[in-house]
Structures are given as structure tokens and as C-alpha cells.
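Everything on this sheet refers to the single structure shown next.
Numbering (the working numbering), first residue to last: 190 to 685.
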């Protein structure tokens with residue numbers, strides 16, 4: 190890109206949706222704030238490069254036999270746009286990695302596809318196509334396509350009615366671009382303020398840490414101002430509505446009159462306000478609140494389930510189960526040691542669940558496991574046993590979030606289980622790290638790396654069992670707990 194010019198890019202829309210401070214800190218971070226930035230690991234950098242390889246592979250497969258012209262980039266946005274425009278005026282059917290630049294906007298859609306119809310180019314115009322490493326159409330996909338469409342309108346004199354996303358499974362999603370203009374304009378205005386130096390109000394999301402490199406800076410900002418962004422599961426629109434009504438700090442939220450505030454802004458309803466108030470009181474007083482009693486009777490056969498995946502290659506490589514059968518328990522993994530072994534692992538899993546009795550319970554945390562089961566069923570086929578297995582699945586996170594209030598910003602398994610006392614034993618302690626370690630295993634073949642991930646997976650399924658047992662012990666009735674917590678020295682759970 191041209192040096193010293195602060196271009197608005199399609200990536201800004203993705204970053205803004207993940208964490209509004211990401212595009213801000215990228216441009217305006219102080220030296221102190223830069224010191225809080227998380228550096229990308231080598232594996233994360235490699236995954237960015239793998240994304241480009243994936244794009245090329247998809248383009249080559251889907252457009253085999255068609256003339257695809259790749260634009261050589263010089264990192265000068267205006268020069269690269271001139272090269273792209275030349276190909277557009279010539280009527281190239283498919284342009285790969287072209288650059289669209291107008292004033293302080295620049296973008297590089299994966300493909301520009303020629304469509305018959307009038308424009309300033311002649312009897313044709315172009316529509317944007319992006320290749321994405323996902324199975325679903327995401328909000329940021331639509332916004333990025335809108336960004337490219339507006340650039341195309343400026344350059345070719347015609348707004349394309351449609352944009353397209355090519356997903357990992359080669360499905361093509363069509364997006365009606367005219368349906369998203371208002372949403373696009375609203376976020377563009379916010380990005381323009383950010384580029385001008387206006388910092389957004391505090392936001393604290395899990396994505397600030399998992400996806401953005403600026404999580405520590407986001408946390409420091411929210412804590413230093415005691416901002417209500419620290420409240421779990423209160424979205425940005427509700428945060429802004431509360432701020433407009435004078436509720437700006439955790440202390441404010443802990444004392445707010447929820448009956449008075451009910452209905453004073455869209456989305457502010459009594460139930461949500463009550464939960465937010467309890468969350469504020471929990472954070473302020475480090476109090477655990479049981480707001481709904483948990484009733485999960487013991488099952489003769491209880492199976493805790495967790496999947497490890499390699500997103501860059503869209504492969505599941507480990508299905509782990511903690512099987513609790515009456516008076517004993519054991520860990521059972523199914524492992525794909527090579528990417529091409531995923532199908533074999535899936536068949537082994539189907540064979541095993543086919544041996545299970547009719548009555549059992551499957552416990553998982555968050556919806557990921559159900560999503561991946563559907564992906565692999567579509568890829569390799571299912572079975573009646575799989576249908577029964579899915580019917581038996583219980584999402585423990587829905588129980589936790591509807592029943593417990595704990596003094597934490599996030600209710601992911603790691604945050605909840607660690608707070609309640611569960612410990613991970615190995616060197617691998619998070620999902621992102623497990624992906625990095627598996628990528629290293631694929632390149633080196635070192636068994637210890639795979640063993641580390643298997644231990645991590647075992648600790649994950651043991652964590653779901655631990656949290657469920659805690660709920661059975663301490664969340665049986667409406668109550669609250671202050672420090673020192675009664676479980677601080679451990680508690681007797683099912684297989685102690």
C-alpha cells in the first residue's frame with residue numbers, strides 16, 4: 190500500500206466486529222499500550238499464509254478451465270488498482286487478487302467476476318467473490334462484500350447487486366448487497382471516527398483476547414474506569430443504552446433500579462437488567478450467586494465429550510471422552526495422527542457409539558461439538574447411533590449461564606472451571622495453543638507433542654465433569670457464596 194496513507198480496508202470491518210479497539214489501537218496506541226500487545230505466534234503467521242494457499246486451491250478447483258488472471262501486487266494501492274482497472278476495461282472474465290482503490294479506501298477481493306450488463310466499462314461489470322475458511326456466512330463477510338461493492342461502484346459506475354462467498358466445502362453463498370447498506374454505513378461511520386482518533390467506549394470480549402492482539406489493553410481500559418463492559422454477556426447496544434441512562438460503572442450497575450430502567454431503550458428488559466445487576470454485584474463483591482437451582486440427576490452412564498480441531502486444514506483430529514460408568518471412570522480418545530486419517534477416526538467413533546446402551550447422557554460445553562458432528566457427518570456419513578448420540582447431548586454451558594453468576598468476565602470452560610478449582614496438568618492450556626502444537630506435530634512428527642494435546646483434551650473433559658459435579662453439590666438451591674468459598678480446599682465429587 191502507499192506509504193503514510195491511512196486507508197480504510199476490508200480487514201477493518203472484521204477487526205471492528207471482533208473488538209472495536211483493534212482498529213483503534215492499530216492506528217493510535219501509545220507506547221505503553223503497544224507494550225500490552227500480544228505478538229502473533231509463528232503458527233498464527235503460518236495460518237495467514239495457509240489462508241492464501243487455501244484461496245488459490247479453491248480458485249484452481251472451482252474455475253478449472255476458465256481464464257483466471259492474477260494481478261501482481263506492488264504494495265502500492267493506487268498502482269495496483271491501475272493494473273486491476275486495466276484488466277477490468279479489457280473485460281477479463283475472472284481477476285484474482287485485484288486491488289480496488291478510491292481516495293482513502295482500498296480493498297483486495299479474492300476474485301472479481303465479470304457479469305453481463307451495462308457499466309462505464311462497456312457491456313459488462315464486475316461483482317466481488319471472496320473465499321473464506323468457514324462453513325457459514327458470517328456478518329463480517331457481508332460487510333466486506335459491501336465494501337468491495339461500493340469501491341466497484343465508484344470505479345465501474347455500477348453497484349453490483351450481489352456478492353458471493355465461497356466456503357470451505359466449496360458452497361457458494363450469494364449475498365443481496367442492497368439489504369445491508371444501513372448496517373454498513375453505521376459501522377463505516379464508527380470506523381471513520383476511529384481513524385480520526387476517537388477511541389470507542391470500553392468493550393471486553395473473549396475475542397479481544399483470542400482473536401485480537403489487544404486483549405490486555407482492552408482489559409486495562411475497562412478495569413481502570415470500572416466500566417460496565419466488564420459485565421458478562423451484555424452486548425454493545427445494551428452497554429451504550431445503559432451509559433446513555435447514566436449507568437456507566439460496575440458500581441452503578443450493582444445499584445441500578447431495574448424496574449425504572451425496564452423498557453427505556455430497545456433491548457433493555459427486566460430479565461436482562463436483573464442478570465446484569467447480579468453480575469455487577471458478583472464482580473463487585475466477588476460473590477457467587479445461584480439464581481436458578483441446577484437439577485441434573487446422576488446417569489448410570491455419563492459421557493463427557495470434547496473435540497480438538499485444526500481449523501487451518503478444517504480437520505478434526507481428536508475426539509475425547511470421559512466415560513463415567515456407575516462406580517468407575519476412564520478416558521477414551523480417538524485420534525487422527527495424519528490429516529488424511531480424519532475419516533478413519535470418524536468411523537471408529539461411529540463404531541464405538543454403536544456399542545453404547547440405549548440410556549446414557551453426553552455432556553459437552555458450548556455448541557462446537559454439535560457443529561463439528563454435523564460437518565463430519567456431511568463429509569463421511571452418519572448412522573442411527575449418531576442420531577441417538579446427538580439426542581443425548583446436554584450443553585453444560587447453557588446450564589451454567591442460566592443458573593450461575595460468578596465474578597468473571599467470561600463463562601468459557603477455562604474461566605469457569607479454573608475459578609471453581611479445576612486444574613489443567615500439562616503444558617498445553619488453551620485451544621489456540623493446541624492448534625499451534627498440533628501444527629508443529631504435523632511438521633515434526635514428535636509423539637510428545639501429540640501426547641501433550643491428548644492430555645489437554647483429557648483435562649478438558651474432566652473439567653466439564655468437575656463443573657457438573659460442582660453444580661450438583663453447590664447449586665442445588667437458590668443461594669450465594671462469599672469468600673472464603675466452601676470449595677476452596679476442594680470438594681467431594683463423583684469419583685473422589
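Here a beta-carbon is modelled for each residue, glycine too, at the ideal position from N, C-alpha and C.
Nothing here was measured: the structure is a model prediction, and the numbers come from that model.
Check whether residue 558 and residue 496 have beta carbons under 8 Å apart: Here residue 558 is near residue 496, since their CB atoms are less than 8 Å apart.
Nearest candidate by alpha-carbon position, reference residue 276, set 254, 315, 447 and 346: Checked all of 254, 315, 447 and 346; the closest Cα to residue 276 is 315.
Straight-line gap, residue 679 to residue 610 (C-alpha atoms, nearest Å): Using only the alpha carbons, I get a separation of about 7 Å.
Given residue 577 as reference, the closest of 565, 548, 426 and 626 once Cα atoms are compared: Closest by alpha carbon: 548.
Host beta strand (DSSP E) of residue 303 (start-end): First-last of the beta strand (DSSP E) with residue 303: 300–308.
Local conformation of residue 323 per DSSP, three classes: When DSSP states are grouped into helix, strand and coil, residue 323 belongs to the coil group.
Residue 197 burial status per 10 Å Cβ neighbour count (16 or more: buried): Of the other Cβ atoms in all chains shown, 16 or more fall within 10 Å of the Cβ of residue 197; this residue is therefore buried.
Burial state of residue 426, where buried means 16 or more other Cβ atoms lie within 10 Å: It counts as exposed.
Residues sharing a beta bridge with residue 363, DSSP: BP columns for residue 363 point to 353.
Sequence-distant residues of the same chain with beta carbon closer than 8 Å to residue 288, five excluded per side: In chain order, 260, 262, 266, 269, 270, 272, 273, 295, 296 and 297 place their CB closer than 8 Å to the CB of residue 288, counting only its own chain and leaving out the 5 sequence neighbours on each side.
Short Cβ contact (8 Å threshold) for residue 428 with residue 376: Going by C-beta atoms, residue 428 is not nearer than 8 Å to residue 376.
Within the region 440–505, ranges of the alpha helix (DSSP H) (whole runs, at least 4 residues): List check, alpha helix (DSSP H) in window: 447–450 and 459–474.
Residue 401 - DSSP class collapsed to helix/strand/coil: Assigned with DSSP and collapsed to three states, residue 401 falls in coil, not helix or strand.
Residue 663 versus residue 604 - alpha carbon distance: Here the alpha carbon of residue 663 sits roughly 18 Å from the alpha carbon of residue 604.
Bridge partners - residue 645, DSSP secondary structure assignment: For residue 645, which the question treats as bridged, DSSP gives no partner whatsoever.
Any 3 or more C-beta pairs closer than 8 Å across the region 410–426 and the region 384–400: Yes: at least three Cβ pairs fall under 8 Å.
Neighbourhood of residue 214 by C-beta distance below 7 Å, restricted to the same chain and skipping five residues each side: Excluding residues within five positions, the ones whose Cβ falls inside 7 Å are 222, 403 and 406.
8 Å Cβ cutoff met for residue 362 and residue 597: For residue 362 and residue 597, no; Cβs fall outside 8 Å.
Residue 284 - partner residues in DSSP beta bridges: For residue 284, DSSP records a beta bridge to 258 and 301.
Close-in-space but distant-in-sequence residues of the same chain around residue 369 (CB under 6 Å, 5 per side omitted): Result list for residue 369: 331 and 335, in chain order.
For residue 531, three-class secondary structure by DSSP: Reduced to three states, the DSSP call for residue 531 is helix.
Contact belief for residue 475 with residue 601 at Cβ below 8 Å, rounded distance in angstroms: The Cβ separation is near 19 Å, so there is no contact.
The region 538–554 in contact with the region 485–501 per 3-pair CB rule at 8 Å: The answer is yes - the region 485–501 touches the region 538–554, with three or more Cβ pairs under 8 Å.
Stretch-stretch touch, CB-based, cutoff 8 Å, three pairs: the region 194–210 with the region 323–330: Enough Cβ pairs lie closer than 8 Å, so yes.
Cβ neighbours of residue 498 in the same chain (closer than 6 Å, five flanking residues each side left out): Cβ neighbours of residue 498 beyond the five flanking positions: 505.
Complete runs of the alpha helix (DSSP H) confined to the region 383–437 [at least 4 residues]: The DSSP assignment places 395–399, 404–413 and 425–433 as complete runs of the alpha helix (DSSP H) inside the region 383–437, in order along the chain (cut-off: 4 residues).
Distance CB(residue 434)-CB(residue 454) smaller than 8 Å: Contact: yes.
Helix, strand or coil at residue 570 [DSSP, three-state]: Correct three-state label for residue 570: coil.
Buried versus exposed, by CB contacts within 10 Å (16 or more), residue 519: Residue burial is scored here from C-beta neighbours: residue 519 has fewer than 16 other C-beta atoms within 10 angstroms and is therefore classed as exposed.
CA-to-CA distance, residue 399 to residue 212, given in whole angstroms: About 16 Å.
Residue 448 versus residue 462 - alpha carbon distance: When the Cα atoms are used, residue 448 and residue 462 turn out to be separated by approximately 9 Å.
Three-state secondary structure assigned by DSSP to residue 617: In the structure shown, residue 617 sits in coil (DSSP, three-state: anything other than H, G, I, E or B).
Candidates 542, 620 and 278, of which the one nearest residue 582 by Cα: For the options 542, 620 and 278, the alpha carbon positioned closest to that of residue 582 is the one of 542.
Residue 550 (DSSP reduced to helix, strand or coil): Residue 550 falls in the strand class under three-state DSSP.
Inter-stretch contact (C-beta, 8 Å, three-pair minimum) for the region 587–595 and the region 558–568: Touching, no, given that fewer than three Cβ pairs across the two stretches are closer than 8 Å.
For residue 584 and residue 556, the rounded distance between their alpha carbons: Spanning the alpha carbons of residue 556 and residue 584 requires a straight line of approximately 7 Å.
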